[in-house]
Amino acid sequence: MGKLQSKISFHTSKYRADGSVEETGPVRAVQQHSPVHTNAVTSVAALKPDLCVSGGRDKSVAVCSWRSGAALRQFNGHEREVTKVTSALDSNRVFSASRDKTVMMWELHRTSGPSQHFPGHDLVVTGLAVSPDASQLCTGSRDNTVCKWDTETGECLGRTAISRNLVTHLCWVPGEPYVAQASEDKTIRIWDSRELQVAHMFPAKRHIQTCCDVSQDGRYCLSSSSGSAGEGGEATLWDLRQTRNQVCEYKGHFETTTSCVFLPRGPALTPSIATSSYDSTVKVWDQDTGACLATLCLEGSGPLASLAVCDSSTLLCASFNSGIHVLQMSDHADPVLEEVAVF
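Take a look at the structure:
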């Protein structure tokens with residue numbers, strides 16, 4: 001898609017150790033490309049080093065180059081809003097879930113239509129997690145069920161229902177047969193995908209858990225909470241290997257925190273995480289201390305729905321009002337988060 005215009009962003013800040021805020025704008029020009037969706041973008045995920053997949057209220061799934069903002073493929077097949085998209089990294093397969101209760105698999109180089117359907121949920125599908133080799137898929141729904149599928153045949157390999165377990169997000173644990181799950185019942189569950197049984201459940205939080213992520217070493221799980229008017233909206237770090245208890249909390253968003261991700265560690269940057277919120281901000285946090293390292297306000301974006309990690313310095317952020325934002329994090333002692341493009 002073509003470049004439309006550039007603008008200057010003034011809305012980045014960094015936090016000093018004493019808690020005070022230092023404004024760093026103006027910053028670099030933001031490259032504006034034609035939007036790849038015609039309505040709110042509800043989910044975004046990394047696909048390959050320079051590609052991402054996204055889904056939106058326009059019912060479409062798009063594969064884009066986040067470097068150029070170009071839409072390379074557009075998949076249409078869902079009858080209602082796409083709620084989640086995911087892919088195994090460096091795979092040619094992408095998966096999408098929808099309010100039409102279906103899940104579909106798309107081949108990156110296939111010319112038409114989905115290559116696989118996964119029907120079986122009774123309500124909107126709100127969780128997708130694919131195994132690292134893309135051979136198995138776990139799905140979750142507001143119908144209180146989690147299902148496991150063979151991606152080659154489309155066969156349902158297992159289905160488990162738990163009362164009041166309204167699934168909000170699923171994430172595969174790297175290198176393990178486990179899947180982390182966030183729920184509206186305020187808990188985080190760890191599923192053993194082999195038997196599709198709950199292996200562990202963390203103590204319930206005070207608010208709905210909206211998203212979860214697992215660190216690349218498989219040691220930590222991260223979750224985010226709903227909230228409003230400064231109450232709730234925190235992210236929580238959990239230890240998967242040792243105490244399996246809460247390790248740290250990250251508080252600072254004023255509304256629901258919709259997405260949380262672990263950031264790859266750069267040469268100078270301490271272990272960090274990032275969160276996005278309905279309050280239109282993205283925050284980067286010191287994983288160990290809980291200190292906020294940087295905040296970026298995406299003015300006019302509306303609620304922020306989803307984050308995806310592209311590389312050690314690049315994040316993608318899906319928004320309701322202004323498409324997909326490309327964010328870059330400087331890798332030095334005083335990190336700065338900047339918006340560099342939008343599409």
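Number 139 in the UniProt record's numbering belongs to position 139 of the sequence shown; there are no gaps in the numbering.
Even for Gly, the Cβ is constructed at its ideal location relative to N, Cα and C.
Just so you know, these numbers come straight off a predicted model, no measurement behind them.
The residue from 195, 283, 186 and 215 with its alpha-carbon nearest to that of residue 173 is 215. In the three-state DSSP reduction, residue 136 falls in the strand class (E or B). If you draw a 10 Å sphere on the C-beta of residue 151, you find 16 or more other C-beta atoms in it, and that means buried. Residue nearest to residue 291 within the set 310, 249 and 330 is 249 (criterion: CA-CA distance).
Its Cα nearest to that of residue 205, the residue 246 stands out among 42, 310 and 246.
If you draw a straight line from the Cα of residue 275 to the Cα of residue 262, it comes to about 9 angstroms. Residue state for residue 339 is assigned as strand, using DSSP reduced to three classes. Rounded to whole angstroms, residue 234 and residue 73 show a C-alpha spacing of 36 angstroms. Contact check between the segment 189 to 200 and the segment 100 to 120: fewer than three CB pairs, one atom from each, fall below 8 angstroms, which does not count as touching. In this chain, the beta strand (DSSP E) harbouring residue 188 covers 188 to 192. Distance between residue 231 and residue 170, taken at the CA atoms: about 25 angstroms. When rounded, the separation of the alpha-carbon atoms in residue 186 and residue 326 is 31 angstroms.
DSSP, reduced to helix, strand and coil, places residue 262 within a strand of the structure shown.
CA-to-CA, the gap between residue 132 and residue 47 works out to about 12 angstroms. For residue 160, the enclosing beta strand (DSSP E) covers residues 156 to 161. Within the model, the alpha-carbon separation for residue 311 versus residue 89 is close to 12 angstroms.
When secondary structure is reduced to three states using DSSP, residue 236 falls in the strand class. Taking 8 angstroms as the cut-off, the Cβ atoms of residue 104 and residue 77 count as close. Judged by beta-carbon spacing, residue 147 lies beyond the 8 angstroms limit of residue 179, meaning their Cβ atoms are not closer than that value.
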